[in-house]
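Enquirer:
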Amino acid sequence: MIYQKHILKNGLRILLIPKDSPSSTVMVMVKAGSRYETDKEAGLAHFVEHNVFKGTAKRPNAQKLDSEIESLGGIHNASTGQEYTDYIAKVPSEHTVGALDVILDISLNSTFPQKDLEIERGNVIEEIHMYEDDPQSKVAWDFLSFLFDKEPLGRHIGGFVTTVAGFQREDLTSFVSRFYQPSNMMVVVCGQFNEEEIQNKIEEYFGKLPANQAPSFLRFETQQKEAQSFLEYRDIQQTHLVLGVTAFDRHDERRFILEVASTILGEGLGSRLFQRIRNQLGLAYYINSEYESFDDIGLWAISAGVNNSQAKAAIGAVLSELKKLIDQRVEKDELIRAKELIKGKNLFGIETSHGLASFIGFQSLLSKEVLSTEEINQRIDSVTAEDIQKVSQELLKTKKLNLALIGPQQDKKGFDEILKID
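Under UniProt numbering, the residues of the sequence shown are numbered 1 to 422, in order.
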């Protein structure tokens, strides 16, 4: 995995990743997501992300900005997570510098016109309504909210209607001035490009900016001492649930073990949960297991949509599969399937310029080390059945269990009574 890393005097990190590809991807990444917000700012990082595309002094409105990218044969997008925001353009390689100019401009020079703020406010509020109306999405955020004790890490990235409705232009400019500092940002270019042209363009935008430091976030420490559940009643045809525990942060070496364990449990059609809950019991259309990690903590969770009348039976079956991971070592063929599936996904993920830029970029922005796919695969291959059982025994305890449900369920006591694993 060959790439160049440069750091300007003001702390801006630049990643130049050559790739023999007909397209190039340019990204500006910022360590500023929803967990950096105060309670009054809930949703502000996401609201900023929506509004940077509304115009700069050089490109005074959204139509001009959008048309310029499309005139280069490209597409652009952005996203906000708990710990980051990123701005992306993907174009034919001959237009890399032009796309870079647009993305650098919006990330540093957005004017946030008041008229457009009001329009986008309505759009974002409807986005919040959309996710709240979707029980599969809503139960996931309910789970995160009580797993992380209502701290910013577990708060919906979009915030709340009440907070978004109150944002003023000064809130956006203040957030940008605090967090969109060179030392808190990264520029990634992947594809075919002229290195000197790229460096000159970045220097044009960032070279004279001061080396100010951005604020950090409060680290999370779980206070959970017993199993807990949350039920939201909705008169719908399916019960949606998330069952899980806190787990390792993104820097913990055991994350590779947990990734293999999660894959065995519920990733892919050959996983234990898919075979048991869907193929054998017919209780769910979707069911999966996922490990997600942050800077200071992680989570391991099972998500499913199950038959209303069989919700307790489905949860019981899931718990029995978790107990198997605790009591028994996984079989050799399961271990091989999980490892090869992970390695295959890693390979597929870097086939495009966007995938490779994201793979290296997010590690560089958020992690303490940047691993190649080969290095990751070596660590995946080193995982043993004994490792998986040990990690399962450490994480899967009754006192650590968390359950969130949305559906026509009202028997919270009954669900609490079955929420046992040891």
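Yeah, the Cβ is synthetic: ideal placement off N, Cα and C, and Gly gets one too.
Distance check for SER229 and PHE217, CA to CA, integer angstroms please.
Expert: Rounded to whole angstroms, PHE217 to SER229 spans 27 Å at the Cα level.
Enquirer: Any chance you could list the beta strand (DSSP E) runs of at least 3 consecutive residues sitting entirely within the UniProt domain "Peptidase M16 N-terminal" (19 to 157), in chain order?
Expert: You should have 23 to 30, 75 to 80, 85 to 92.
Enquirer: GLY266: which of HIS251, ASP249, VAL242, GLU253 sits nearest, CA to CA?
Expert: Nearest of HIS251, ASP249, VAL242, GLU253 to GLY266, Cα basis: VAL242.
Enquirer: Please classify SER271 as buried or exposed, where buried requires at least 16 other C-beta atoms within 10 Å of its C-beta.
Expert: Counting Cβ neighbours within 10 Å, SER271 comes out buried, since at least 16 surround it.
Enquirer: Classify PHE230 as helix, strand or coil using the three-state DSSP reduction.
Expert: DSSP places PHE230 in strand when its eight states are reduced to three.
Enquirer: Between SER293 and ARG255, is the Cβ-Cβ spacing less than 7 Å?
Expert: Their beta carbons are under 7 Å apart, which means SER293 touches ARG255 by this criterion.
Enquirer: If you drop the 5 nearest sequence neighbours on each side, which residues of the same chain put their C-beta closer than 6 Å to that of ASP416?
Expert: Closer than 6 Å at Cβ, skipping near neighbours: SER229.
Enquirer: Does SER382 come out as helix, strand or coil in the three-state DSSP assignment?
Expert: If DSSP states are grouped into helix, strand and coil, SER382 belongs with coil.
Enquirer: Which one or two residues does DSSP pair with MET1 in a beta bridge?
Expert: The partner list for MET1 (beta bridge, DSSP) is empty, contrary to what the question assumes.
Enquirer: In three-state terms, what does DSSP make of LEU299?
Expert: Of the three classes helix, strand and coil, the one that applies to LEU299 here is strand, per DSSP.
Enquirer: Candidates GLY191, ALA227, ARG35: which alpha carbon is nearest LYS150's?
Expert: Per the Cα distances, ARG35.
Enquirer: In whole angstroms, what is the alpha-carbon distance linking VAL306 and ILE69?
Expert: Using only the alpha carbons, I get a separation of about 44 Å.
Enquirer: Give the single residue among LEU153, ARG169, GLU232 whose Cα lies nearest to the Cα of ASP133.
Expert: Nearest option by C-alpha distance: GLU232.
Enquirer: Does the distance from the CB of PHE248 to the CB of GLY298 come in under 7 Å?
Expert: Cβ atoms of PHE248 and GLY298: closer than 7 Å.
Enquirer: May I ask which residues mark the beginning and end of the alpha helix (DSSP H) holding ILE315?
Expert: That run of the alpha helix (DSSP H) goes 311 to 327.
Enquirer: One question on the structure: do VAL97 and PHE47 come within less than 7 Å of each other, judged by their Cβ atoms?
Expert: No, the pair does not count as a contact, with Cβ atoms beyond the cut-off.
Enquirer: Look at the alpha carbon of PRO210 and the alpha carbon of ASP171, and state the distance between them as a whole number of angstroms.
Expert: The alpha-carbon atoms of PRO210 and ASP171 are separated by roughly 22 Å.
Enquirer: Helix, strand or coil for THR246? Go by DSSP, reduced to three states.
Expert: In this structure, THR246 counts as strand in the three-state DSSP scheme.
Enquirer: ILE287 and LEU273 look like a contact to me (Cβ under 8 Å); what is the Cβ gap, rounded to whole Å?
Expert: Going by Cβ atoms, the distance from ILE287 to LEU273 rounds to 5 Å, so yes, they are a contact pair.
Enquirer: Taking Cβ positions, are THR25 and HIS240 nearer each other than 7 Å?
Expert: No.
Enquirer: Would DSSP call ASN194 helix, strand or coil?
Expert: DSSP places ASN194 in coil when its eight states are reduced to three.
Enquirer: Quick check on the burial criterion: 16 or more other C-beta atoms within 10 angstroms. Buried or exposed for SER262?
Expert: SER262 is buried by the Cβ-count criterion.
Enquirer: Determine the DSSP secondary structure at ASN377, reduced to helix, strand or coil.
Expert: Correct three-state label for ASN377: helix.
Enquirer: Below 6 Å CB to CB, which residues in the same chain sit around PHE160 once its five sequence neighbours on both sides are set aside?
Expert: The answer, listed in chain order, is ALA42.
Enquirer: List the DSSP bridge partners of VAL391.
Expert: Answer by DSSP bridge pairing: none, since VAL391 is not bridged.
Enquirer: Between residue 423 and PHE175, which are expected to be in contact by the criterion C-beta below 8 Å, what is the C-beta distance as a whole number of angstroms?
Expert: Nothing in the structure corresponds to residue 423, since the chain is present only between 1 and 422.
Enquirer: Report the three-state DSSP secondary structure of ASN10 (helix, strand or coil).
Expert: Three-state result, ASN10: coil.
Enquirer: Between the alpha carbons of GLU49 and GLY81, how many angstroms are there, rounded?
Expert: In a straight line, the C-alpha of GLU49 is about 11 Å away from that of GLY81.
Enquirer: Please confirm whether LEU403 and LEU419 have their CB atoms less than 7 Å apart.
Expert: In contact: LEU403 and LEU419 (Cβ atoms closer than 7 Å).
Enquirer: So which of GLN363, SER93, PRO60, ASP296 has the shortest CA-CA distance to CYS190?
Expert: For CYS190, the nearest C-alpha among the options comes from SER93.
Enquirer: Straight-line CA distance for GLN4 to VAL30?
Expert: Their Cα atoms are separated by approximately 19 Å.
Enquirer: Which same chain residues, not among the five before or five after LEU347, have their C-beta less than 7 Å away from its C-beta?
Expert: The answer, listed in chain order, is THR373.
Enquirer: Excluding sequence positions up to five away, which residues of its chain have a Cβ less than 7 Å from the Cβ of PRO113?
Expert: Counting only Cβ-Cβ distances below 7 Å, and skipping sequence neighbours, we find LYS54, GLY55.
Enquirer: Buried or exposed for PRO152, please, with buried defined as at least 16 other CB atoms from any protein chain shown within 10 angstroms of its CB.
Expert: Buried, because 16 or more other Cβ atoms sit within 10 Å of the Cβ of PRO152.
Enquirer: Out of ILE342, ALA301, PHE146, which has the shortest C-alpha to C-alpha gap to ASN377?
Expert: The shortest C-alpha separation from ASN377 is found at ILE342.
Enquirer: Spatial neighbours of LEU322 within its chain, please: CB distance less than 7 Å, with the 5 preceding and 5 following residues excluded, ordered by chain position.
Expert: Here the set comprises LEU396, ILE421.
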